[in-house]
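Top to bottom, those sequences are chains A and B.
Numbering of the first sequence is given in full-length UniProt numbering, commencing with residue 1 and proceeding in unit increments.
Numbering of the second sequence is given in full-length UniProt numbering, commencing with residue 1 and proceeding in unit increments.
The beta-carbon is built from N, C-alpha and C at its ideal position, and this holds for glycine as well.
Protein chains: 2
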Amino acid sequence: MVASKRAKRVTIADVARQAGASVATVSRVLNGVDTVAPGLAERVRAAIVDLGYRPSAAAQGLARGRSGTIGVLVPDLANPYFHDIIKSVSAVARAAGSRVLVMDSNEDPAAERELTEDLLRYADGLLLCSPRMPRADLAAMAGRGAPMLVTNRQVPGLALHSITVDFFRGVMALCGHLARLGHRRVVYLEGPQRAWANDERLRALSGAEAFGLDVVSLPCGSTTDEGYAAARAALDSGATAVIAYNDFVALGVLAHFAELGVKVPDDMSLTGFDEIDMARFSAPPLTTVAVPRDRLGQIAGEALGRIMSGDEDIEPESVPVELRVRGSTGVIS
Amino acid sequence: MVASKRAKRVTIADVARQAGASVATVSRVLNGVDTVAPGLAERVRAAIVDLGYRPSAAAQGLARGRSGTIGVLVPDLANPYFHDIIKSVSAVARAAGSRVLVMDSNEDPAAERELTEDLLRYADGLLLCSPRMPRADLAAMAGRGAPMLVTNRQVPGLALHSITVDFFRGVMALCGHLARLGHRRVVYLEGPQRAWANDERLRALSGAEAFGLDVVSLPCGSTTDEGYAAARAALDSGATAVIAYNDFVALGVLAHFAELGVKVPDDMSLTGFDEIDMARFSAPPLTTVAVPRDRLGQIAGEALGRIMSGDEDIEPESVPVELRVRGSTGVIS
DNA sequence: CTGGAGCGAGAAACCGGTTTCTCACTGTTT
DNA sequence: AAACAGTGAGAAACCGGTTTCTCGCTCCAG
Numbered sequence: 001m002v003a004s005k006r007a008k009r010v011t012i013a014d015v016a017r018q019a020g021a022s023v024a025t026v027s028r029v030l031n032g033v034d035t036v037a038p039g040l041a042e043r044v045r046a047a048i049v050d051l052g053y054r055p056s057a058a059a060q061g062l063a064r065g066r067s068g069t070i071g072v073l074v075p076d077l078a079n080p081y082f083h084d085i086i087k088s089v090s091a092v093a094r095a096a097g098s099r100v101l102v103m104d105s106n107e108d109p110a111a112e113r114e115l116t117e118d119l120l121r122y123a124d125g126l127l128l129c130s131p132r133m134p135r136a137d138l139a140a141m142a143g144r145g146a147p148m149l150v151t152n153r154q155v156p157g158l159a160l161h162s163i164t165v166d167f168f169r170g171v172m173a174l175c176g177h178l179a180r181l182g183h184r185r186v187v188y189l190e191g192p193q194r195a196w197a198n199d200e201r202l203r204a205l206s207g208a209e210a211f212g213l214d215v216v217s218l219p220c221g222s223t224t225d226e227g228y229a230a231a232r233a234a235l236d237s238g239a240t241a242v243i244a245y246n247d248f249v250a251l252g253v254l255a256h257f258a259e260l261g262v263k264v265p266d267d268m269s270l271t272g273f274d275e276i277d278m279a280r281f282s283a284p285p286l287t288t289v290a291v292p293r294d295r296l297g298q299i300a301g302e303a304l305g306r307i308m309s310g311d312e313d314i315e316p317e318s319v320p321v322e323l324r325v326r327g328s329t330g331v332i333s
Numbered sequence: 001m002v003a004s005k006r007a008k009r010v011t012i013a014d015v016a017r018q019a020g021a022s023v024a025t026v027s028r029v030l031n032g033v034d035t036v037a038p039g040l041a042e043r044v045r046a047a048i049v050d051l052g053y054r055p056s057a058a059a060q061g062l063a064r065g066r067s068g069t070i071g072v073l074v075p076d077l078a079n080p081y082f083h084d085i086i087k088s089v090s091a092v093a094r095a096a097g098s099r100v101l102v103m104d105s106n107e108d109p110a111a112e113r114e115l116t117e118d119l120l121r122y123a124d125g126l127l128l129c130s131p132r133m134p135r136a137d138l139a140a141m142a143g144r145g146a147p148m149l150v151t152n153r154q155v156p157g158l159a160l161h162s163i164t165v166d167f168f169r170g171v172m173a174l175c176g177h178l179a180r181l182g183h184r185r186v187v188y189l190e191g192p193q194r195a196w197a198n199d200e201r202l203r204a205l206s207g208a209e210a211f212g213l214d215v216v217s218l219p220c221g222s223t224t225d226e227g228y229a230a231a232r233a234a235l236d237s238g239a240t241a242v243i244a245y246n247d248f249v250a251l252g253v254l255a256h257f258a259e260l261g262v263k264v265p266d267d268m269s270l271t272g273f274d275e276i277d278m279a280r281f282s283a284p285p286l287t288t289v290a291v292p293r294d295r296l297g298q299i300a301g302e303a304l305g306r307i308m309s310g311d312e313d314i315e316p317e318s319v320p321v322e323l324r325v326r327g328s329t330g331v332i333s
């Protein structure tokens with residue numbers, strides 16, 4: 001034939017016709033209902049293969065009342081922090097016969113709300129990772145009654161399921177570590193303004209005087225570039241140790257320090273947070289706080305699964321972190 | 001009320017009833033058809049807001065015959081190589097009123113095929129990024145007749161739309177650069193076995209003798225860990241320069257070299273590939289090849305859009321790369 | 001031999017939208 | 001004043017599945 005005709009979709013009716021069965025029977029075979037005679041089932045299967053039939057996701061979704069999709073919204077896909085979470089959630093979802101629809105809000109709180117609304121139309125359940133949207137928006141979303149779980153954000157007085165990381169303790173551990181090394185004055189390089197993770201770090205640091213630490217905060221960000229840019233100011237602060245918002249920032253600081261001839265940890269101690277892969281490979285390797293991201297993802301995925309099956313009794317969980325002491329921190333010289 | 005009854009979904013019929021209109025009219029208002037009297041339209045809009053109505057994605061997808069979703073399959077979400085691609089494609093898709101369904105095959109060719117089949121049921125179009133699946137599988141997928149675009153893989157004799165990166169020229173540029181610096185013997189740390197990107201690098205390197213270079217290859221991988229592990233073998237190869245599969249591998253090598261007291265570039269030159277952010281911040285910064293990933297994503301997104309609207313005449317494109325000379329390469333001492 | 005239980009499989013209702021078809025009503029033309 | 005084109009809006013068909021309902025048939029007990 002000259003022009004292959006615009007291949008019309010193969011439907012369940014086509015399969016039924018070819019197999020000499022009804023659509024109901026084809027549906028039964030497809031869904032593993034065992035009340036179909038072996039011979040008929042075989043004919044149906046043959047027809048399916050023969051025609052290359054694949055059920056329409058939309059039609060199935062409509063008929064079944066659920067799409068088999070769970071949505072995951074992250075502020076930044078480029079942040080490895082979320083990769084392990086996405087991978088774990090995907091694994092859990094896959095085991096439950098669902099797939100994961102990942103979206104990226106680009107750190108934009110407005111887009112975040114919009115995407116959340118959109119995802120709610122597509123997905124059976126929703127996982128909001130580290131949402132930056134204002135409390136009111138979050139409240140509105142939670143009020144929609146859809147199965148939804150939030151990670152790394154707690155909103156007092158709002159009934160939403162959440163799984164968080166114990167950033168507070170992580171920062172405390174860092175403070176204790178630095179205090180033990182004899183540091184007295186430290187500088188904190190702040191993360192994104194709207195991030196709960198940043199709020200928690202600040203909250204913990206506000207109690208650092210208990211360790212005999214004097215903490216000053218500088219605005220910074222969450223990327224290597226921003227760390228690099230903030231390094232000089234950190235140096236000028238007169239502190240003997242830098243607590244970076246995360247490992248990326250720390251690596252940026254480290255790079256700039258190297259250029260400036262500042263020796264780590266002899267001249268200045270430096271800590272990160274999250275324990276990304278690269279943290280082990282810098283010179284010196286970073287003292288940081290390990291966040292069990294895959295565990296977080298797994299817990300979140302399972303909790304969301306329970307929420308979707310109607311279990312309202314999910315208790316908020318806070319996963320523990322672990323201090324990793326490496327070469328970037330030392331006694332003051 | 002004591003128990004809020006399991007909130008049934010608000011449907012278009014509910015809106016119609018409340019507004020005193022027909023479902024057809026509600027649909028018209030929703031889709032901006034302007035043949036509705038202003039007063040009626042206003043009542044409908046009020047009812048929509050009042051009831052908090054959101055159209056079901058499944059029903060819309062079924063009725064419209066398309067889901068408004070495009071699928072993107074990547075081998076590894078944790079690889080920043082794909083972030084910019086995903087972001088660009090998302091942007092293009094969003095501008096066209098679609099959303100992006102991202103999936104991760106975990107570098108598993110079998111899962112890749114399975115996920116591709118699955119995505120085809122959900123999405124209007126499909127972008128396969130750097131697929132590792134065997135030629136036969138790829139042929140089968142292409143044969144399904146769905147709008148589909150492949151990046152970073154060319155399969156001779158197979159009719160599939162593809163956008164590739166000119167790895168070949170990139171490697172040539174590296175070879176020329178190293179040759180000019182006086183290197184004669186270089187070692188290549190190979191990437192993943194099934195990756196076309198690796199094949200292309202090998203193909204380019206097989207012509208490196210034209211530059212007077214003697215190239216030996218060692219199996220390695222694509223991660224920092226694997227680079228770290230391969231560093232010693234690279235050292236023992238007797239080469240004066242290491243061409244790493246990508247920047248991650250190079251950073252791993254660099255870290256191990258630092259531990260071993262091998263000076264870069266004095267004792268050994270080192271190159272990466274891709275230009276990830278971190279490449280600028282290592283000590284010394286990496287000589288690498290910049291791949292315009294966002295551009296690749298943009299081109300891919302637009303091409304896929306054209307394919308989806310029935311344009312069969314997409315010519316394969318190869319985006320150019322650019323050599324970035326930094327401190328990790330130098331003349332042999 | 002007959003009434004009823006059990007079971008396989010088709011007909012049809014249904015999921016929630018979009019879109020075509022049809023019609024009542026308006027205003028214009030001769 | 002009658003015929004007609006134009007327009008707004010409802011009824012109904014349709015998208016492609018799942019699931020309930022129903023029915024005919026077989027098998028077994030009474």
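Pairing T11 (chain B) with V23 (chain B), the inter-Cα distance amounts to about 10 Å. Sequence-distant Cβ neighbours of L30 (chain B) in its own chain, meaning closer than 7 Å and more than five residues away, are P55. Residue A:S88 holds the alpha-carbon nearest to the alpha-carbon of G301 (chain A) among A:V253, A:A239, A:S88. Excluding the 5 residues flanking it on each side, A195 (chain A) has same chain C-beta neighbours closer than 7 Å at S130, R132, in chain order. Nearest CB-CB separation between E117 (chain A) and chain B: below the 9 Å threshold. Beta-bridge analysis with DSSP links R99 (chain A) to A:T69. Taken atom to atom, the span from the alpha-carbon of E312 (chain B) to that of L160 (chain B) is near 10 Å.
In this structure, the beta-carbon distance from N246 (chain B) to G207 (chain B) does not fall below 9 Å. If one requires a minimum length of 4 residues, the alpha helix (DSSP H) runs lying completely within the segment 100–149 of chain B are 109–122, 135–143, in chain order. Under the Cβ distance rule, R99 (chain B) counts among the residues neighbouring chain A, one pair being separated by less than 9 Å. Residue pairing of A244 (chain A) in beta bridges, as defined by DSSP: A:L189. Of the other Cβ atoms in all chains shown, fewer than 16 fall within 10 Å of the Cβ of S333 (chain B); this residue is therefore exposed. Counted as a single uninterrupted DSSP element, the stretch harbouring L270 (chain B) is not any alpha helix (DSSP H) but the beta strand (DSSP E) occupying residues 269–271. Using a Cβ distance threshold of 9 Å, E117 (chain B) and M141 (chain B) count as a contacting pair.
Non-local C-beta neighbours of L304 (chain A) in its own chain, meaning closer than 6 Å and more than five positions away in sequence, comprise G125, L127, L149, ordered along the chain. Straight-line measurement puts the Cα of G212 (chain B) at about 47 Å from the Cα of A290 (chain A).
Taking a beta-carbon distance threshold of 9 Å, V102 (chain B) counts as an interface residue toward chain A. Close to R121 (chain B), with beta-carbon spacing below 7 Å, are these residues of chain A in chain order: R54, P55, S56, A57. Using beta-carbon distances, I86 (chain B) counts as an interface residue toward chain A, with a partner under 9 Å.
With contacts defined by Cβ atoms closer than 9 Å, S328 (chain B) and G238 (chain B) do not form a contacting pair. By the neighbour-count definition (other C-beta atoms within 10 Å, threshold 16), P38 (chain B) is an exposed residue. The criterion of a C-beta distance shorter than 9 Å is not satisfied by L286 (chain A) and L260 (chain A).
Excluding sequence positions up to five before and after A255 (chain A), its CB lies within less than 7 Å of the CB of Y228, all in the same chain and listed in chain order. Residue state for A37 (chain B) is assigned as coil, using DSSP reduced to three classes.
If you ignore the 5 residues before and after T224 (chain B), its C-beta comes within less than 6 Å of the C-beta of F248, L251, G252, all in its own chain and listed in chain order. Annotation for A290 (chain A): the continuous beta strand (DSSP E) segment containing it runs 288–290.
Residue nearest to G145 (chain B) within the set B:L189, B:M308, B:L77, B:A110 is B:M308 (criterion: CA-CA distance). Taking a C-beta cut-off of 7 Å against chain A, the contacting residues of the segment 259–288 of chain B are D277, M278, F281, A283, listed in chain order.
Beta-bridge annotation (DSSP): E322 (chain B) is paired with B:A290.
From the beta-carbon of A78 (chain B), the residues of chain A found nearer than 7 Å are P80, H83. Here the alpha carbons of R153 (chain A) and A204 (chain B) stand approximately 49 Å from one another. Those residues of the segment 205–232 of chain B placed with their C-beta closer than 8 Å to a C-beta in chain A are T223, T224, D225, Y228, ordered along the chain.
Taken through DSSP and simplified to helix, strand or coil, H83 (chain B) comes out as helix.
For L251 (chain A), the chain B residues whose C-beta falls within less than 8 Å of its own C-beta are M278, F281, listed in chain order. Taking C-beta separations shorter than 6 Å and ignoring five residues to either side along the sequence, the partners of E322 (chain B) in its chain run A290, following chain order. The C-beta of R64 (chain B) has fewer than 16 other C-beta atoms within 10 Å across all chains shown, which makes the residue exposed.
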